[in-house]
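This report concerns only the one structure given below.
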Amino acid sequence: MSAFEKAMIDQINQPLKDVKYQIIGSDGVEVLCSCKDYLQLRSEEEISIKNCMVPYVAPKILDIASGAGRHSSYAKQINPRSEVTLVEQAPLLRMHCKTMIEGSTVFANIDDLPESHKFDIIMLMGLGLGVFGNEKSVRKQMYKIANLLEIGGTLLIEGGKYPEGDFYLANLEIKYQGLVDGPFQWGYATSDWLTKVLISAGLNIVSICPTTLGAPYFICQAIK
Ligand SMILES: C[S@@+](CC[C@H](N)C(=O)[O-])C[C@H]1O[C@@H](n2cnc3c(N)ncnc32)[C@H](O)[C@@H]1O
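Using our numbering, read the sequence shown as starting at 4 and increasing by one per residue.
Written out as structure tokens, the structure reads:
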């Protein structure tokens with residue numbers, strides 16, 4: 004079991020506790036992160052999700068690297084006719100999402116999704132850009148994600164830019180109760196970098212909004 008998965012499952016099972024894990028950068032700096040942040044939504048996340056659901060009676064939604072499924076479970080809550088598909092590599096989090104979101108379908112890996120599946124809304128939220136690793140690989144997966152969208156469908160990506168260049172690849176470790184994830188690489192990009200990649204993948208940028216997390220972070224909404 005991964006350190007992140009164990010911490011999240013402990014938090015889900017003990018809602019009154021404030022479960023924290025450590026995230027360690029390649030500079031050795033340790034930051035304590037609260038699992039509760041991955042169980043609740045900030046107002047700008049709710050607004051972004053609500054806005055892109057407006058045109059649909061029964062939207063087909065894909066939540067990539069869903070964690071505990073907070074974004075797609077909110078979508079299901081505001082429109083119970085939503086058809087939710089989730090991709091999450093951690094088995095216990097996958098099971099949690101499947102149980103919590105009625106009628107949902109879960110996959111461990113984005114490559115497990117049948118190519119014929121198309122979605123009205125695809126979400127890559129909660130700093131999800133990093134799940135695809137290095138710059139070349141993120142670019143490739145953005146093309147793949149664009150192909151999974153229906154014409155007129157919306158892609159929501161939460162991104163952020165760290166120290167150097169347009170695309171920054173951090174080396175990170177996560178530690179919790181003796182479990183260690185990594186070191187693994189996690190990509191961060193500027194909104195300019197993301198805009199160029201999404202446009203070349205055939206999408207149009209609708210908006211890039213700041214988030215309440217602070218300056219480096221943004222939510223990008225793009226449409227096919
Ligand atoms: C920072 S958490 C964010 C979770 C969720 N999107 C949220 O905001 O609450 C990142 C999640 O991505 C999952 N993950 C990382 N790499 C992945 C991959 N290649 N495929 C599927 N899931 C992945 C991890 O297990 C973890 O649950």
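Beta carbons: idealized from backbone N, C-alpha and C, even for Gly.
Simplified DSSP state of residue i, which is helix, strand or coil
| i | result |
| --- | --- |
| Pro-186 | strand |
| Asp-169 | coil |
| Asn-82 | coil |
| Gln-14 | helix |
| Thr-102 | helix |
| Met-56 | helix |
| Val-90 | strand |
| Gly-133 | helix |
| Val-22 | coil |
Buried/exposed call for residue i, threshold 16 Cβ in 10 Å
| i | result |
| --- | --- |
| Phe-187 | exposed |
| Ala-225 | buried |
| Lys-164 | buried |
| Pro-62 | buried |
| His-120 | exposed |
| Gly-106 | exposed |
| Ser-51 | buried |
Minimum C-alpha distance to residue i - residue among the options
| i | options | result |
| --- | --- | --- |
| Val-141 | Val-87, Lys-23 and Lys-199 | Lys-199 |
| Tyr-77 | Val-90, Glu-49 and Tyr-171 | Glu-49 |
| Leu-216 | Arg-73, Ala-71, Arg-45 and Pro-62 | Arg-45 |
| Val-87 | Asp-40, Asp-114, Asp-123 and Asn-54 | Asp-123 |
| Gly-155 | Lys-23, Lys-139, Val-32 and Gly-205 | Gly-205 |
| Thr-193 | Leu-130, Lys-178, Glu-176 and Lys-147 | Leu-130 |
| Glu-118 | Ser-85, Gly-106 and Glu-153 | Glu-153 |
| Cys-55 | Asn-82, Ala-68, Cys-36 and Lys-39 | Asn-82 |
| Lys-101 | Ile-177, Asp-114 and Ser-69 | Ser-69 |
| Pro-94 | Pro-219, Met-11, Phe-221 and Leu-182 | Met-11 |
Residue i Cβ short of 7 Å to ligand 1 heavy atom set
| i | result |
| --- | --- |
| Arg-73 | yes |
| Ile-113 | yes |
| Gly-190 | no |
| Leu-130 | yes |
| Glu-8 | yes |
| Ser-69 | yes |
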